[in-house]
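Report on the following structure.
Protein chains in written order, with this note's numbering: chain B, 12 to 168; chain H, 12 to 168.
Next up, the structure:
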């Protein structure tokens, strides 16, 4: 069963974010707090949306997403930031159900693209995505500026 | 001079999106119309924000951006979708001014990350970004689902 997250899900969302970080070999990466999720996800103008996946009445997975915008399509794109299903619940179809629900939301919102990023070593996930008809956008490299470099640029005279 | 875009800039934004697509060797990729920009960028709940860059009183560049959200930082990220300065105006510092203004907005909005994508062959841009302290997020691959595959997944029984 897939449903929209509510404020009451915040502890579970936080737990699943942490499990995903561990799976991605970055167990110490998560700085996010319950307050952050409440402020940015459950206010009047949320930065993100979140789906919860339940199996036999227990939360076993989630998907956190938001909207980007394509200057070529002239339409929003649905961007999937995190998708995770607990190892114990794999094979129950929750991952596919989450992706299917997200694709439905994308179509309903007139998004032309459904996008996400995957770690290059995660061949299991990549095979699964390819089988569904997704493609790796070869040639495009993600760049990031943060920390001191970001402050330095902001203050550049 | 850098300023926020208004509705009146839509024809110029459209012209610069097309010039950027040509630079990226995809001259026929732009389906976006003036109506799309008006609806999604200049309504109550816009999907994107846009900065215009002027040189000697004439629009010569633009930057279109929106906010993502990081589940590790618990904060929004500023995502730069498009940045373009006309070839005739390069060397005037408009590109750096746009990036600097965006970094300032990111810091002001409490974003921990300023992110974008670059084509792998665009070494000029990549060198420029590295010099500013940005880094290529190696190991992360962008994936996309669109068209028939997206519809098929949305309707999967």
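Ideal Cβ placement from N, Cα and C applies to all residues, glycine included.
Let's test the definition: count the other Cβ atoms within 10 Å of the Cβ of residue 54 of chain B and tell me whether it reaches 16, buried, or not, exposed. It counts as exposed.
ask   = Would you say residue 69 of chain B faces chain H, with C-beta separation under 9 Å as the test?
value = Chain H, which has no Cβ nearer than 9 Å to the Cβ of residue 69 of chain B, makes this no.
Exercise for the section: Give a yes or no on whether the minimum CB-CB distance between residue 102 of chain H and chain B is below 9 Å. Expected result: At a cut-off of 9 Å, the C-beta of residue 102 of chain H has no neighbouring C-beta in chain B.
- Message: Quick check on the DSSP output: what are the complete beta strand (DSSP E) runs of length 3 or more inside the stretch 109-166 of chain H, in order along the chain?
- Response: The beta strand (DSSP E) runs of length 3 or more contained entirely in the stretch 109-166 of chain H are, from start to end of the chain, 124-130, 151-157.
Fill in: residue 164 of chain B versus residue 110 of chain H - alpha carbon distance
Roughly 8 Å separates the two Cα atoms.
Less than 6 Å between C-beta atoms, sequence neighbours within five positions excluded: which residues of the same chain meet that for residue 79 of chain H? Excluding sequence neighbours, residue 79 of chain H sits near 88, 90.
Residues of chain H with CB closer than 9 Å to the CB of residue 147 of chain B, please, in chain order.
Among the residues of chain H, those whose CB is under 9 Å from the CB of residue 147 of chain B are 152, 153, 154, 155, following chain order.
Item to check | chain H within 9 Å of residue 84 of chain B, Cβ atoms only | outcome: Yes, residue 84 of chain B lies at the interface with chain H (some Cβ there is under 9 Å from its Cβ).
Q. Does the separation of the CB atoms of residue 120 of chain B and residue 155 of chain H fall below 9 Å?
A. Cβ atoms of residue 120 of chain B and residue 155 of chain H: not closer than 9 Å.
If you measure between the beta carbons of residue 124 of chain H and residue 81 of chain H, is that distance less than 9 Å? Yes. Within cutoff.
* Count the C-beta pairs between the stretch 129-142 of chain B and the stretch 97-105 of chain H that are closer than 8 Å, then say yes if the count reaches three, no if not. => Because the criterion of three Cβ pairs below 8 Å is not met, the stretch 129-142 of chain B and the stretch 97-105 of chain H do not touch.
Grouping DSSP H, G and I as helix and E and B as strand, with all else coil, what is residue 93 of chain H?
Residue 93 of chain H carries a strand assignment under DSSP once its states are collapsed to helix, strand and coil.
So what's residue 72 of chain B in DSSP terms, helix, strand or just coil? Three-state DSSP puts residue 72 of chain B in a strand.
>> For a contact defined as C-beta to C-beta under 7 Å, what are the partners of residue 59 of chain H on chain B?
In response: Counting only Cβ-Cβ distances below 7 Å, residue 59 of chain H has contacts in chain B at 80, in chain order.
Closest to residue 70 of chain H by C-alpha separation, out of H:12, H:43, H:33, would be which residue? Ranked by Cα distance from residue 70 of chain H, the options H:12, H:43, H:33 are led by H:12.
| request: Determine the burial state of residue 92 of chain B: buried for a count of at least 16 other Cβ atoms within 10 Å of its Cβ, exposed for fewer. | output: Counting C-beta atoms within 10 angstroms of its own C-beta, residue 92 of chain B has 16 or more neighbours from the protein chains shown and is therefore classed as buried.
With DSSP run on the structure shown, which of helix, strand or coil describes residue 40 of chain H? Reduced to three states, the DSSP call for residue 40 of chain H is coil.
- Query: Grouping DSSP H, G and I as helix and E and B as strand, with all else coil, what is residue 256 of chain B?
  - Reply: The requested residue 256 of chain B does not occur in the structure, where chain B is confined to residues 12 to 168.
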